[in-house]
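Colleague: Here this note's numbering is used: the first residue of the sequence shown is 655, the next is one more, and so on. Don't be surprised by glycine CBs; every beta carbon is placed ideally from N, CA and C.
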Amino acid sequence: MKNLETNLKFSAYEIIAKKRDGHKLTDPEIKWFITGVTNKSIPDYQMSALLMAIYIRGFDKAETASLTDAMLYSGSTLKFEGVDVIDKHSTGGVGDKASFILAPIAHAAGVKVPMMAGRGLGHTGGTVDKVEAIKGFKTSLTLKEFKEAVDKNRMALIGQTGEIAPADKKIYALRDVTATVDSIPLITASIMSKKLAEGANGIVMDIKTGSGAFMKTRTNAKALAKSLRDTASRFDKKMLTMITDMNQPLGEAVGNSLEIIESIEVLKNNGPKDITDISVQLAGAMIYLAEITKTHKAGIKKAKEVLKNGKALESFRDLIRLQGGDEKVVDDYSRLPLAKNTKEVCALEAGYVTSIACQEFGEHVVTLGGGRKKTEDKIDFGVGFVVHKCVGQRVKKGEKLVTIYFNDNQKDIVEDIETEILKKNIKIKATKPKVLKPLIYDIDENSLC
655 MKNLETNLKF
665 SAYEIIAKKR
675 DGHKLTDPEI
685 KWFITGVTNK
695 SIPDYQMSAL
705 LMAIYIRGFD
715 KAETASLTDA
725 MLYSGSTLKF
735 EGVDVIDKHS
745 TGGVGDKASF
755 ILAPIAHAAG
765 VKVPMMAGRG
775 LGHTGGTVDK
785 VEAIKGFKTS
795 LTLKEFKEAV
805 DKNRMALIGQ
815 TGEIAPADKK
825 IYALRDVTAT
835 VDSIPLITAS
845 IMSKKLAEGA
855 NGIVMDIKTG
865 SGAFMKTRTN
875 AKALAKSLRD
885 TASRFDKKML
895 TMITDMNQPL
905 GEAVGNSLEI
915 IESIEVLKNN
925 GPKDITDISV
935 QLAGAMIYLA
945 EITKTHKAGI
955 KKAKEVLKNG
965 KALESFRDLI
975 RLQGGDEKVV
985 DDYSRLPLAK
995 NTKEVCALEA
1005 GYVTSIACQE
1015 FGEHVVTLGG
1025 GRKKTEDKID
1035 FGVGFVVHKC
1045 VGQRVKKGEK
1055 LVTIYFNDNQ
1065 KDIVEDIETE
1075 ILKKNIKIKA
1085 TKPKVLKPLI
1095 YDIDENSLC
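#1: Got a sec? Which residues, its chain only, sit under 7 Å from G909 by beta carbon, not counting five neighbours each side?
#2: Compare the C-beta of V999 against all C-beta atoms of chain B and say whether one is closer than 8 Å.
#3: Around the C-beta of D1062, are 16 or more other C-beta atoms found within 10 angstroms, so that it is buried, or is it exposed?
#4: Could you tell me the distance, in whole angstroms, from the CA atom of A810 to the CA atom of D986?
#5: Could you give the DSSP three-state label for E998: helix, strand or coil?
#6: Can you name, in chain order, every residue of its own chain whose Cβ lies under 6 Å from the Cβ of K766, other than the five neighbours on each side?
#7: Which term fits G729, buried or exposed, when burial requires 16 or more other beta carbons within 10 angstroms of its beta carbon?
#8: What number of angstroms, rounded off, separates the C-alpha of I670 from the C-alpha of Y699?
#9: Per DSSP, P768 forms a beta bridge with which residues?
#10: Measure the beta-carbon distance from N855 to F734 and round it to whole angstroms, keeping in mind my assumption that it falls under 8 Å.
#11: Alpha carbons only, please: which of E1053, L1022, Y1095 and L1090 is nearest the one belonging to I1067?
#12: Assuming I1097 is part of the beta strand (DSSP E), what are its boundary residues?
#13: According to the neighbour-count rule (16 or more other Cβ atoms, all chains shown, within 10 Å of its Cβ), is M900 buried or exposed?
#14: Just to confirm my understanding: we take K982, look at its own chain, exclude 5 residues before and 5 after, and list those with CB closer than 8 Å. What are they?
#15: Looking only at its chain, what residues have a beta carbon closer than 8 Å to the beta carbon of A819, apart from the 5 residues adjacent to it on each side?
#16: Tell me which residue opens and which closes the beta strand (DSSP E) that I818 is part of.
#17: Would Q935 be called buried (16 or more neighbouring beta carbons within 10 Å of its own) or exposed?
#18: Please report how far the alpha carbon of R674 lies from the alpha carbon of D714, in whole angstroms.
#19: Which ranges would you report for the alpha helix (DSSP H) in the segment 709-742 if only whole runs of at least 4 residues count?
#20: If I follow the unbroken alpha helix (DSSP H) through L795, where does it start and stop?
#21: Work out the CA separation of I1094 and A1004 for me, nearest whole Å.
#22: On the premise that T1008 lies in contact with P1087, defined as a C-beta separation below 8 Å, what is that separation, rounded to the nearest angstrom?
#23: Just how far apart, CA to CA, sit R711 and L705?
#24: Evaluate Q1064 with the Cβ neighbour count: other Cβ atoms within 10 Å of its Cβ, from every protein chain shown; 16 or more gives buried, anything less gives exposed.
#25: Tell me the rounded alpha-carbon separation between P903 and S665.
#26: Taking the alpha carbon of K965 as the reference point, which residue from V782, A867, A762 and V748 has its own alpha carbon closest?
#27: If you draw a straight line from the C-alpha of T885 to the C-alpha of M893, how long is it?
#28: Determine the DSSP secondary structure at I857, reduced to helix, strand or coil.
#29: What residue does the alpha helix (DSSP H) around L840 start on, and which one ends it?
#30: Would you tell me roughly how many angstroms separate the C-alpha atoms of G978 and T1073, rounded to the nearest one?
#31: If you compare alpha carbons, which of P991, T895 and K1081 is closest to A787?
#32: In angstroms, rounded to a whole number, what distance separates the CA positions of V835 and R829?
#33: Tell me whether T947 is buried or exposed, calling it buried when 16 or more other Cβ atoms sit within 10 Å of its Cβ.
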């Protein structure tokens, strides 16, 4: 196949135009294009054009498979032995820091956890960006170092390297700045090329749906879940998918250092109920796929045990230390970079919170510098929000809704954000919402291999 890809001559222009006009791309065309992106013979602007064409026109199952394979084999792959090697992936949301909670829980319960995480994408924060708020924490491991760490310590966290799915690393960054993030085939290829390359033998997928997710509707979330399961089946990988709510921030903290603090609080059994519950559910699924328990329910019970007895917290402390980070942050949050200024946004009226504009809070973090508008932007770890109320809760006039963390030069920006929050982002009405959305909509265990 490599010789075929090398010898065939295609035109990037013609491939872009073909997909733009709604025609199906062939396997050789897709692989030739991705090879060109990887070796830099195809420039970013042409990849960006193809991304937009795919976003608008779509890819069918065969095209998605070709794209996934091309991205997967654009770099090196790992292989781990044992059914207990399980990873988790989330499609991203606002305040989604579950990886820092569920991975230590699963590890403490006996799961071998190879974590390959990404940076921020659009309005969603990135696991790698968040964990790098911990001074010294090294995510840029080589594949050899990563494999050795997983084999020795049974858990490691790595950012995407040039060795693993390098085509995806390039495409991921371009999607972030070209408004082509929420595309089922592009999401499928991006997630699965990395997860398959890292060598996990089972994967738990947390697919977010709602106003703060890339999949705005449950219909699209289910379609993505099926696409991911189809791909896992092609490679004989175990997979469990969950469709979970992202119509309001997960937990209270939104922003890099703030989310690390909240994660540690959950591991100390002091965290918000929603992020605690979903982390336990996902960790329980990992424990189940690892065949440590016979059912997901039993996996959840095991997850609760290691969370309550403190073993999960110690697993997170060990992870920080083993990857060169400052483990003292677990006991002293002042060792994390946190913006010096805070602004409390208080309710102008009494009533019940009926909605929170989830995506907008993610975008506000980006505006403050906690995310990227351009691929080369540096992350400010210290800015962010604590959202004190959730949908359905009663609020008194003058009661604190949100605390904003910001820098000295951002007072004007904060004033604008405060106005947005009070006028548009948090809706308060006299009557309580009759129906509250569940945290978890769907769990699919039928796809297990």
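Modeller: On the basis of the supplied data:
#1: Working through the sequence shown from its first residue, we reach residue 909 at position 255. So the list reads V1019, G1024, V1037, G1038, F1039 and Y1059, once near-sequence residues are dropped.
#2: The displayed structure is made up of one protein chain only, and chain B is not part of it.
#3: Your numbering for residue 1062 matches position 408 in the sequence shown. It counts as exposed.
#4: In the sequence shown, the residue the question calls residue 810 occupies position 156. In the sequence shown, the residue the question calls residue 986 occupies position 332. Separation of A810 and D986 (C-alpha to C-alpha, rounded to the nearest whole angstrom) is 23 Å.
#5: On the sequence shown, position 344 is the one that residue 998 refers to. Looking at E998 - three-state DSSP - the assignment turns out to be strand.
#6: Counting from 1 along the sequence shown, the entry for residue 766 is found at position 112. Residues D738, V739 and R808 of the same chain have their beta carbon placed closer than 6 Å to that of K766, with the five preceding and five following residues left out of the count.
#7: Within the sequence shown, residue 729 is the residue found at index 75, counting from 1. It counts as buried.
#8: For the purposes of this step, residue 670 is taken as residue 16 along the sequence shown, with counting starting at 1. For the purposes of this step, residue 699 is taken as residue 45 along the sequence shown, with counting starting at 1. If I take the Cα positions, the gap works out to 11 Å.
#9: Here the question's residue 768 lines up with position 114 in the sequence shown. Residue pairing by DSSP places P768 opposite A810 in a beta bridge.
#10: The residue given as residue 855 occupies position 201 in the sequence shown. The residue given as residue 734 occupies position 80 in the sequence shown. Rounded, the Cβ-Cβ distance is 7 Å, consistent with contact.
#11: Position 413 of the sequence shown, counted from the start, is the residue given in the question as residue 1067. Measuring C-alpha to C-alpha distances from I1067 to each of E1053, L1022, Y1095 and L1090 identifies L1022 as the nearest.
#12: In the sequence shown, residue 1097 corresponds to position 443, counting from 1. Where I1097 is concerned, the enclosing beta strand (DSSP E) stretches over I1094 to D1098.
#13: Translated into positions along the sequence shown, residue 900 becomes position 246. Residue environment: M900 is assigned as buried (16 or more neighbouring CB atoms within 10 Å of its CB, all protein chains considered).
#14: Sequence index remark: in the sequence shown, residue 982 carries index 328 (1-based). Closer than 8 Å at the Cβ level, and outside the excluded window around K982, lie R989.
#15: As a working note, residue 819 is residue 165 in the sequence shown. Taken in chain order, the residues that qualify are M725, L726, S728, G729, S847, K848 and A851.
#16: For this step, residue 818 is matched to residue 164 along the sequence shown. Annotation: I818 is outside any beta strand (DSSP E) and is labelled neither H nor E by DSSP.
#17: For the purposes of this step, residue 935 is taken as the residue at position 281 of the sequence shown. When all chains shown are included, Q935 counts as buried.
#18: The residue you call residue 674 lines up with position 20 of the sequence shown. The residue you call residue 714 lines up with position 60 of the sequence shown. R674 and D714 have their C-alpha atoms spaced approximately 14 Å apart.
#19: Here the runs fully enclosed are 715-726.
#20: As a first step, residue 795 is located in the sequence shown; it is residue number 141 there, counting from the start. No residue range can be given for L795, since it is assigned to no alpha helix (DSSP H) and is classified by DSSP as neither H nor E.
#21: Mapped onto the sequence shown, residue 1004 falls at position 350. Mapped onto the sequence shown, residue 1094 falls at position 440. The alpha-carbon of A1004 is positioned some 29 Å away from that of I1094.
#22: For the purposes of this step, residue 1087 is identified with residue 433 of the sequence shown, where counting begins at 1. For the purposes of this step, residue 1008 is identified with residue 354 of the sequence shown, where counting begins at 1. About 5 Å separates the beta carbons of P1087 and T1008, which is inside the 8 Å limit, making them a contact pair.
#23: Along the sequence shown, read from residue 1 onward, the residue named residue 711 stands at position 57. Along the sequence shown, read from residue 1 onward, the residue named residue 705 stands at position 51. Roughly 10 Å between the two C-alpha positions.
#24: In the sequence shown, counting from the first residue as 1, residue 1064 sits at position 410. A residue is called buried once 16 or more other Cβ atoms fall within 10 Å of its Cβ, and Q1064 is buried on that count.
#25: Reading the sequence shown from its first residue, position 249 is the one you call residue 903. Reading the sequence shown from its first residue, position 11 is the one you call residue 665. Take the alpha-carbon of P903 and the one of S665: they are about 44 Å apart.
#26: Taking the sequence shown and counting its residues from 1, the one referred to as residue 965 is at position 311. Residue A762 is the option with its Cα nearest to K965.
#27: Within the sequence shown, residue 885 is the residue found at index 231, counting from 1. Within the sequence shown, residue 893 is the residue found at index 239, counting from 1. Counting only the Cα atoms, M893 lies some 10 Å from T885.
#28: Residue numbering aside, residue 857 sits at position 203 when the sequence shown is read from its first letter. In the three-state reduction of the DSSP assignment, I857 falls in the strand class.
#29: Here residue 840 refers to the residue found at position 186 of the sequence shown. Counting along the chain, the alpha helix (DSSP H) containing L840 begins and ends at I838 to E852.
#30: Position 324 of the sequence shown, counted from the first residue, corresponds to residue 978. Position 419 of the sequence shown, counted from the first residue, corresponds to residue 1073. So the two alpha carbons sit approximately 41 Å from each other.
#31: By one-based count along the sequence shown, residue 787 stands at place 133. Ranking P991, T895 and K1081 by Cα distance to A787 puts P991 first.
#32: Sequence index remark: in the sequence shown, residue 835 carries index 181 (1-based). Sequence index remark: in the sequence shown, residue 829 carries index 175 (1-based). When only Cα atoms are considered, V835 and R829 end up about 5 Å apart.
#33: For the purposes of this step, residue 947 is identified with residue 293 of the sequence shown, where counting begins at 1. The residue is buried, with at least 16 neighbouring Cβ atoms inside 10 Å.
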